[in-house]
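A.B. asks:
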Amino acid sequence: IAGITQAPTSQILAAGRRMTLRCTQDMRHNAMYWYRQDLGLGLRLIHYSNTAGTTGKGEVPDGYSVSRANTDDFPLTLASAVPSQTSVYFCASSDVDRGNEQFFGPGTRLTVL
Amino acid sequence: AQKVTQAQTEISVVEKEDVTLDCVYETRDTTYYLFWYKQPPSGELVFLIRRNSFDEQNEISGRYSWNFQKSTSSFNFTITASQVVDSAVYFCALSDITGANNLFFGTGTRLTVIP
């Protein structure tokens with residue numbers, strides 16, 4: 180693994196289903212983030228974690244939950260998907276002690292029908 | 002509250018022309034970082050530059066240059082002698098360096114370089 184990986188690459192999901200997007204980084208960064216990207220809106224922060232064991236809400240947290248059991252993994256869960264959660268999801272990580280340059284994963288394209 | 006405005010939604014230029022992408026930001030913080038990211042058609046986000054709010058010195062990296070002006074809260078990005086490979090969506094972002102250290106993104110500017 181090099182950098183940040185996300186899985187799956189893409190997914191089509193029926194409304195009401197539960198879905199977990201996976202994110203793993205191997206850079207030992209203390210902070211991790213989940214963003215969603217929608218046309219015309221740029222990237223918006225869903226949840227973040229400044230260090231393992233802590234999480235916080237971003238700009239658009241409703242309908243999503245996260246956990247940070249260890250440094251490397253930061254899964255994003257949609258408990259009951261709705262069509263408005265159709266988006267491209269990006270995971271990112273950064274070392275906040277070194278200027279907070281965020282490195283992004285390749286993204287997960289999620290379609291909720 | 003943090004806010005980043007990229008007023009140019011789309012720009013088209015002919016190859017070899019220079020182009021400037023505008024970014025205006027709002028923040029109450031005295032210490033912050035500014036960033037530019039590139040998103041090519043393949044979809045990944047590529048980091049281009051980070052600038053500390055205390056450092057107003059302009060920066061040049063090859064055909065790229067950045068003009069940070071604190072007095073006008075702007076952090077503009079110029080590509081000199083544009084190339085087709087520069088076609089992408091470019092995002093400007095702002096981060097505080099306390100608290101959550103989150104990035105606040107502008108809505109992006111889609112640059113198309115016509116051969």
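Protein chains in written order, with the working numbering: chain G, 180 to 292; chain W, 2 to 116.
Note that CB positions come from ideal geometry on N, CA and C, so glycine has one too.
(1) So within the region 255-288 of chain G, which uninterrupted beta strand (DSSP E) runs reach at least 3 residues, ignoring any that extend past its ends?
(2) On the DSSP bridge assignment, give the partners of Glu16(W) in chain order.
(3) Can you look up Thr79(W) in the DSSP assignment and give me helix, strand or coil?
(4) Given Ser75(W), which residues of its chain have a CB within under 6 Å of its CB, disregarding the five upstream and five downstream residues?
(5) Can you give me, in chain order, the residues of the region 195-211 of chain G that have a beta carbon less than 9 Å from any beta carbon in chain W?
(6) Taking Cβ-Cβ distances below 7 Å as the criterion, which residues of the region 46-65 of chain W are in contact with chain G?
(7) Answer yes or no: does any C-beta atom of chain G fall closer than 7 Å to that of Leu104(W)?
(8) May I ask you to list, following chain order, the residues of the region 210-231 of chain G that have a beta carbon less than 9 Å from some beta carbon of chain W?
(9) Note down, in chain order, each residue of its chain lying with its Cβ closer than 7 Å to the Cβ of His161(G), except the 5 sequence neighbours on either side.
(10) Am I right that Phe282(G) and Met198(G) are in contact with their C-beta atoms under 8 Å? What's the rounded C-beta distance?
(11) Check whether the region 221-237 of chain G touches the region 20-35 of chain W, taking contact to mean three or more Cβ pairs, one atom from each stretch, closer than 8 Å.
(12) Using a Cβ-Cβ cutoff of less than 7 Å, which residues in the same chain neighbour Ser266(G) once the five nearest sequence positions on both sides are dropped?
(13) Identify the contact partners of Tyr249(G) in chain W, using a Cβ-Cβ distance below 8 Å as the criterion.
(14) Is the closest heavy atom of the ligand FMN to the C-beta of Val239(G) under 6 Å?
(15) Excluding the 5 residues preceding and the 5 following Asp87(W) in the sequence, name in chain order all residues of the same chain whose CB lies nearer than 7 Å to its CB.
(16) Can you tell me which of Asn103(W), Asp97(W), Thr32(W) and Phe48(W) puts its alpha carbon nearest to the alpha carbon of Tyr65(W)?
(17) Determine, for Tyr1(W), whether the minimum Cβ-Cβ distance to residues of chain G falls below 7 Å.
(18) If you follow the beta strand (DSSP E) that Thr203(G) is part of, which residue opens it and which one closes it?
(19) Have a look at Thr108(W) and Glu238(G) and give me their C-alpha separation to the nearest angstrom.
(20) What's the C-alpha gap between Lys4(W) and Thr110(W)?
C.D. replies: Answer, in terms of the structure:
(1) 255-257 and 266-273, all fully within the region 255-288 of chain G.
(2) Note: Glu16(W) is not bridge-paired with any residue in the DSSP secondary-structure output.
(3) Here Thr79(W) sits in strand by DSSP.
(4) Taken in chain order, the residues that qualify are Val25.
(5) Answer set for the region 195-211 of chain G: Ala210.
(6) Result list: Leu46, Phe48 and Arg51.
(7) Flagged as an interface residue toward chain G: Leu104(W), by a C-beta distance shorter than 7 Å.
(8) Going along the region 210-231 of chain G in chain order, one finds Ala210, Tyr212, Tyr214, Gln216, Gly219, Leu220, Gly221, Leu222, Arg223, Leu224, Tyr227 and Asn229 with a Cβ nearer than 9 Å to chain W.
(9) Chain G is shown only over 180 to 292; residue 161(G) falls outside these bounds and no answer can be derived.
(10) In fact, because the Cβ distance is near 24 Å, the residues do not count as touching under 8 Å.
(11) The region 221-237 of chain G is not in contact with the region 20-35 of chain W.
(12) Contacts found: Arg215, Gln216, Asp217 and Leu289.
(13) It should be noted that the sequence gives Asn, not Tyr, for residue 249(G). Those do not exist, as Asn249(G) stays about 20 Å from chain W at its closest Cβ, beyond 8 Å.
(14) Within the structure as shown, the ligand FMN is missing, as the structure has no ligands at all.
(15) Contacts found: Ile80, Leu112 and Val114.
(16) Nearest of Asn103(W), Asp97(W), Thr32(W) and Phe48(W) to Tyr65(W), Cα basis: Phe48(W).
(17) Because chain W spans 2 through 116 in this model, residue 1(W) falls outside it and cannot be assessed.
(18) Start and end: Met198 to Gln204.
(19) Straight-line spacing of the CA atoms in Thr108(W) and Glu238(G) works out to 14 Å.
(20) In this structure, the CA atom of Lys4(W) is about 16 Å from the CA atom of Thr110(W).
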